[in-house]
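One structure is given here, and the rest of the page talks about it.
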Amino acid sequence: MAVRKRGDAFMADFMIKRTRYRGTFDKVRLSGETNERLRFQTKDEAQNLLAYRETVYHDEMYAFTVFALHCGARSGTIMDLRWNNFALNCRTALFIGGDKKSPPKTLPMSQPTIDAIKTMERLNPNSKGSFAHFKKDGKLRTAWDRMQEALGFDDVVVHTLRHTCASWRCNVGWT
759 MAVRKRGDAF MADFMIKRTR YRGTFDKVRL SGETNERLRF QTKDEAQNLL
809 AYRETVYHDE MYAFTVFALH CGARSGTIMD LRWNNFALNC RTALFIGGDK
859 KSPPKTLPMS QPTIDAIKTM ERLNPNSKGS FAHFKKDGKL RTAWDRMQEA
909 LGFDDVVVHT LRHTCASWRC NVGWT
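Right, here's the structure in full:
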(Lines of atoms letter the chains of each structure in order from A and count residues from 1; the text may use other names and numbers.)
(Lines give C-alpha, C1' and ligand atoms only; values in the text may rest on other atoms or scores of the structure.)
Protein backbone atom coordinates (compact mmCIF):
# COMPACT_ATOMS: atom_id res chain seq x y z
CA MET A 1 0.00 0.00 0.00
CA ALA A 2 2.76 2.46 0.97
CA VAL A 3 4.72 1.62 -2.19
CA ARG A 4 1.70 2.41 -4.34
CA LYS A 5 1.19 5.78 -2.66
CA ARG A 6 4.85 6.65 -3.16
CA GLY A 7 4.58 5.58 -6.79
CA ASP A 8 1.50 7.74 -7.29
CA ALA A 9 3.24 10.71 -5.71
CA PHE A 10 6.31 10.15 -7.88
CA MET A 11 4.19 9.98 -11.02
CA ALA A 12 2.24 13.13 -10.12
CA ASP A 13 5.48 14.99 -9.45
CA PHE A 14 6.94 13.73 -12.73
CA MET A 15 3.89 14.87 -14.71
CA ILE A 16 3.93 18.34 -13.15
CA LYS A 17 7.62 18.80 -13.92
CA ARG A 18 7.14 17.53 -17.47
CA THR A 19 4.29 19.92 -18.23
CA ARG A 20 6.24 22.83 -16.80
CA TYR A 21 9.22 21.92 -18.98
CA ARG A 22 7.06 21.75 -22.09
CA GLY A 23 5.39 25.05 -21.21
CA THR A 24 1.90 23.61 -21.01
CA PHE A 25 1.25 25.67 -17.94
CA ASP A 26 3.49 27.89 -15.89
CA LYS A 27 2.85 26.79 -12.39
CA VAL A 28 0.63 24.38 -10.53
CA ARG A 29 -0.40 25.40 -7.07
CA LEU A 30 -1.05 22.48 -4.82
CA SER A 31 -3.07 23.26 -1.76
CA GLY A 32 -1.44 21.80 1.29
CA GLU A 33 -3.04 20.90 4.56
CA THR A 34 -2.50 23.23 7.46
CA ASN A 35 -2.02 21.69 10.85
CA GLU A 36 -1.44 24.94 12.66
CA ARG A 37 -3.13 25.89 15.89
CA LEU A 38 -3.81 29.42 16.92
CA ARG A 39 -3.94 28.92 20.66
CA PHE A 40 -2.29 30.74 23.50
CA GLN A 41 -3.20 31.15 27.11
CA THR A 42 -4.72 34.20 28.70
CA LYS A 43 -3.16 35.61 31.86
CA ASP A 44 -5.92 33.97 33.94
CA GLU A 45 -5.41 30.57 32.31
CA ALA A 46 -1.65 30.80 32.86
CA GLN A 47 -2.15 31.76 36.50
CA ASN A 48 -4.51 28.80 36.98
CA LEU A 49 -1.98 26.50 35.33
CA LEU A 50 0.89 27.76 37.49
CA ALA A 51 -1.20 27.56 40.67
CA TYR A 52 -2.14 23.98 39.82
CA ARG A 53 1.46 23.05 39.07
CA GLU A 54 2.66 24.61 42.30
CA THR A 55 0.11 22.90 44.55
CA VAL A 56 -0.12 19.48 42.91
CA TYR A 57 3.34 18.86 41.46
CA HIS A 58 5.37 21.24 43.56
CA ASP A 59 8.81 22.26 42.42
CA GLU A 60 9.82 20.29 39.31
CA MET A 61 6.75 20.69 37.11
CA TYR A 62 6.20 24.22 38.32
CA ALA A 63 9.80 25.10 37.39
CA PHE A 64 9.43 23.53 33.94
CA THR A 65 6.16 25.37 33.29
CA VAL A 66 7.60 28.72 34.40
CA PHE A 67 10.71 28.18 32.27
CA ALA A 68 8.71 27.20 29.17
CA LEU A 69 6.22 30.02 29.63
CA HIS A 70 8.91 32.67 30.04
CA CYS A 71 11.50 31.52 27.49
CA GLY A 72 9.23 30.30 24.68
CA ALA A 73 11.42 27.39 23.62
CA ARG A 74 10.18 24.00 22.47
CA SER A 75 9.88 21.40 25.21
CA GLY A 76 12.44 19.10 23.56
CA THR A 77 14.93 21.95 23.39
CA ILE A 78 14.36 22.76 27.05
CA MET A 79 14.90 19.14 28.03
CA ASP A 80 18.14 19.06 26.00
CA LEU A 81 19.68 21.95 27.96
CA ARG A 82 22.66 21.04 30.12
CA TRP A 83 23.96 22.89 33.16
CA ASN A 84 26.79 24.47 31.17
CA ASN A 85 24.24 26.09 28.81
CA PHE A 86 23.24 28.56 31.52
CA ALA A 87 25.06 31.75 32.44
CA LEU A 88 22.94 32.89 35.36
CA ASN A 89 25.21 35.82 36.16
CA CYS A 90 24.67 37.07 32.57
CA ARG A 91 20.97 36.11 32.68
CA THR A 92 21.23 34.05 29.48
CA ALA A 93 20.79 30.50 28.25
CA LEU A 94 22.59 29.15 25.20
CA PHE A 95 20.50 26.89 22.99
CA ILE A 96 22.72 24.68 20.86
CA GLY A 97 21.17 23.63 17.54
CA GLY A 98 20.48 19.94 17.08
CA ASP A 99 21.98 19.90 13.60
CA LYS A 100 24.57 21.70 11.51
CA LYS A 101 22.02 24.07 10.00
CA SER A 102 20.78 25.49 13.31
CA PRO A 103 23.10 28.10 14.75
CA PRO A 104 23.34 28.44 18.53
CA LYS A 105 20.93 30.98 20.00
CA THR A 106 21.34 33.03 23.14
CA LEU A 107 18.18 33.65 25.07
CA PRO A 108 17.74 36.32 27.74
CA MET A 109 16.29 34.90 30.95
CA SER A 110 13.82 36.64 33.24
CA GLN A 111 14.07 36.41 37.02
CA PRO A 112 11.33 33.72 37.27
CA THR A 113 13.26 31.66 34.70
CA ILE A 114 16.49 32.00 36.69
CA ASP A 115 14.62 30.99 39.86
CA ALA A 116 13.28 27.91 38.05
CA ILE A 117 16.81 26.86 37.05
CA LYS A 118 18.10 27.39 40.59
CA THR A 119 15.23 25.25 41.90
CA MET A 120 16.10 22.44 39.50
CA GLU A 121 19.78 22.72 40.40
CA ARG A 122 18.86 22.35 44.07
CA LEU A 123 16.54 19.38 43.42
CA ASN A 124 18.67 17.53 40.85
CA PRO A 125 22.33 18.46 41.34
CA ASN A 126 23.56 15.19 39.81
CA SER A 127 21.45 15.23 36.65
CA LYS A 128 22.87 16.07 33.21
CA GLY A 129 20.74 19.17 32.92
CA SER A 130 17.92 21.11 34.45
CA PHE A 131 15.05 19.19 32.84
CA ALA A 132 16.92 16.29 31.17
CA HIS A 133 15.28 13.61 33.32
CA PHE A 134 11.81 14.53 31.99
CA LYS A 135 12.81 13.29 28.56
CA LYS A 136 13.48 9.68 29.42
CA ASP A 137 10.76 8.85 31.93
CA GLY A 138 7.70 10.41 30.28
CA LYS A 139 6.97 12.32 33.45
CA LEU A 140 6.14 15.54 31.61
CA ARG A 141 3.49 13.97 29.38
CA THR A 142 1.76 12.18 32.25
CA ALA A 143 1.69 15.30 34.41
CA TRP A 144 0.47 17.42 31.50
CA ASP A 145 -2.41 15.06 30.72
CA ARG A 146 -3.51 15.06 34.36
CA MET A 147 -3.36 18.85 34.48
CA GLN A 148 -5.46 19.15 31.31
CA GLU A 149 -8.13 16.92 32.78
CA ALA A 150 -8.15 18.68 36.16
CA LEU A 151 -8.35 22.21 34.71
CA GLY A 152 -10.63 21.35 31.80
CA PHE A 153 -8.15 22.43 29.10
CA ASP A 154 -9.06 20.32 26.09
CA ASP A 155 -7.05 22.22 23.48
CA VAL A 156 -3.88 23.06 25.41
CA VAL A 157 -0.68 21.14 24.71
CA VAL A 158 2.84 21.73 26.02
CA HIS A 159 3.66 23.63 22.82
CA THR A 160 0.93 26.12 23.74
CA LEU A 161 3.36 27.56 26.30
CA ARG A 162 5.64 28.53 23.41
CA HIS A 163 2.76 30.24 21.58
CA THR A 164 1.75 31.99 24.80
CA CYS A 165 5.23 33.39 25.31
CA ALA A 166 5.39 34.66 21.73
CA SER A 167 1.92 36.20 21.91
CA TRP A 168 2.61 37.96 25.18
CA ARG A 169 5.89 39.32 23.86
CA CYS A 170 4.22 40.63 20.71
CA ASN A 171 1.51 42.28 22.78
CA VAL A 172 4.07 44.25 24.80
CA GLY A 173 6.13 45.23 21.77
CA TRP A 174 8.98 42.70 21.64
CA THR A 175 10.22 41.85 18.18
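Okay, so the sequence shown: first residue is 759 according to the working numbering, each after it adds one. All C-beta atoms, glycine included, are put in the ideal place defined by N, C-alpha and C.
Check                                                                                                        : Outcome
CB-CB length for I872 against R849, believed under 8 Å                                                       : 7 Å
Element boundaries [beta strand (DSSP E), containing L865]                                                   : 863-866
Cross-strand partners of L852 (DSSP beta bridge)                                                             : T864
Residue from A767, F822, F772, A851 whose Cα sits closest to the Cα of I889                                  : For the record, residue 889 in the displayed sequence is Phe; it is not Ile. Looking at the Cα atoms, F822 is the closest of the given residues.
Through-space distance from R927 to K886, alpha-carbon basis                                                 : 30 Å
Counted within 10 angstroms of its Cβ, other Cβ atoms place G830 as buried (16 or more) or exposed           : buried
9 Å Cβ cutoff met for M819 and L898                                                                          : yes
Buried versus exposed, by CB contacts within 10 Å (16 or more), L846                                         : exposed
Beta-bridge partners of A845, as assigned by DSSP                                                            : T850
Between the CA atoms of Q869 and H828 - distance to the nearest angstrom                                     : 9 Å
Buried versus exposed call for F798 [16 or more other C-beta atoms within 10 Å across all chains shown]      : buried
Rounded straight-line distance, which links the Cα of M905 to that of I836                                   : 20 Å
Own chain residues within Cβ distance below 6 Å of F892, not counting five before or after                   : M837, L898
V914 classed as buried or exposed, judged by whether at least 16 other C-beta atoms fall within 10 angstroms : buried
I854 beta carbon less than 9 Å from that of M867                                                             : no
V814 versus L865: straight-line alpha-carbon distance, rounded                                               : 29 Å
Buried or exposed by the 16-neighbour rule on C-beta atoms within 10 Å, applied to F844                      : buried
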